[in-house]
Amino acid sequence: MAKIEAENKALEQKRRAEQERLAALEAKRKAEEEERRKAEEARQRQEEARKRREAEEALKAQMAAEEQQRLADARRAQAMSTIDKYRVLIEAKVRQNWLVPPSAQQGMVCVLSVRLIPSGDVVSVQILESSGDAVFDRSVENAVRKASPLPLPPAELGLYDEFRELRFPFELQRKG
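First residue of the sequence shown? That's 34 in our numbering, and the numbers climb one at a time after it.
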């Protein structure tokens, strides 16, 4: 009987030892799982932070690009306004130097090509489309030459290329 009790006691100790070993393994597994879960959460937080930073940087870049575009559009609008202003000044100066021929009639139009150098001096005038009246065309050509130098925007505006070769219609407009 003592032998059976000793065997039972030994079996009980083995069973307890096995349970403790299994409990230790389970605790280790849970600890590793918890560690993996925490590591995954940390990785996800880092990934979310990275995505947030990238989104913020993309938004900043987009806003900067939009601002650059607005500035470029404003500069372009300013340049176009300046170009239009100087085209009007050029046409006004040509008209001041124009002796209208008696053969000229209301609505006559000739289209000119005028080449300028940076000083505004006229280097060539060419009739691209005739009005049909050679005297009218020649009078406009002479007016352009007499108006030289033509007004140009200041060099620092960098608009000379817009005026290097002008193409504009010249039309007789009589008051009355």
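All residues carry an ideal CB built from backbone N, CA and C; glycine is no exception.
Inclusion of S181 and D170 in the CB contact set at 7 angstroms is not warranted, their separation being larger than that value. Here V155 has V147, R148, L149, V177, R178, A180, S181, P182 and L183 as same chain residues with Cβ atoms under 8 angstroms from its own Cβ, once five neighbours each way along the sequence are excluded. Contact between the segment 195-206 and the segment 114-130 is present: three or more C-beta pairs spanning the two stretches fall below 8 angstroms. CA-CA distance, A97 to R69, rounds to 41 angstroms.
Less than 7 angstroms divides the Cβ of L185 from the Cβ of G153. For V158, the three-state secondary structure derived from DSSP is strand. Nearest C-alpha to Q159 among K71, P151, V168 and V144: V144. Taking the Cβ atoms as the reference, L205 lies roughly 7 angstroms from G140, within the contact range of under 8 angstroms.
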